[in-house]
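**Student:**
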Amino acid sequence: QAAAQLPVDLKKTVRDLEIDFVNRAMAAGRFNQRRAAQLLGLTYHQFRGYLKKYDHERHDGPQPHGAPTSDRMP
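FYI, in this note's numbering the residues of the sequence shown are 1014 to 1087.
1. Between L1052, K1024, N1036 and R1043, which has its C-alpha nearest D1068's C-alpha?
2. If you measure between the beta carbons of A1040 and L1053, is that distance less than 8 Å?
3. At which residues does the alpha helix (DSSP H) containing V1027 begin and terminate?
4. Does H1078 pass the burial test, meaning 16 or more other C-beta atoms within 10 Å, or should it be called exposed?
5. Using 8 Å for Cβ pairs, my map puts R1047 next to Y1057. What's the rounded Cβ distance?
6. Where does Y1057 sit, in a helix, a strand or coil, going by DSSP?
7. Given this structure, state the Cα-to-Cα distance separating P1020 from V1027, to the nearest angstrom.
Right under this line is the structure:
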C-alpha cells in the first residue's frame, strides 16, 4: 500500500476509513450488528457506538416492511 502524501486531513481520513469498515462489516455480516461487531473485533456496544457516531441507522440493509428507506451514510 502506498504511503499517503502529506499534508493530509487525518480526521477525515480516519472517519472515511471507519465508515468504510462499518459498511463492509455490515454487508459481510448480512446487516446483523452483532456479527458485524465480531468481524471488526469489537463488542456489540462498541460497534453500536460507531453506528451512532456516524448516524448509520440509515444503512441500505433490509428494512422492516413499510419502513422508510434513505441514503447511505455520508
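Just so you know, even glycine gets a beta-carbon here, dropped at the ideal spot from N, CA and C.
Note that the structure is predicted; figures quoted are calculated from it, not measured.
**Tutor:** With the structure as the only source:
1. N1036
2. no
3. L1023 to A1041
4. At H1078, the pLDDT of 47 sits below 50, so the modelled position is not reliable; the number obtained from the coordinates is stated separately. Counting Cβ neighbours within 10 Å, H1078 comes out exposed, since fewer than 16 surround it.
5. Indeed they touch by this definition, with Cβ atoms about 5 Å apart.
6. helix
7. Straight-line Cα distance between these residues: approximately 14 Å.
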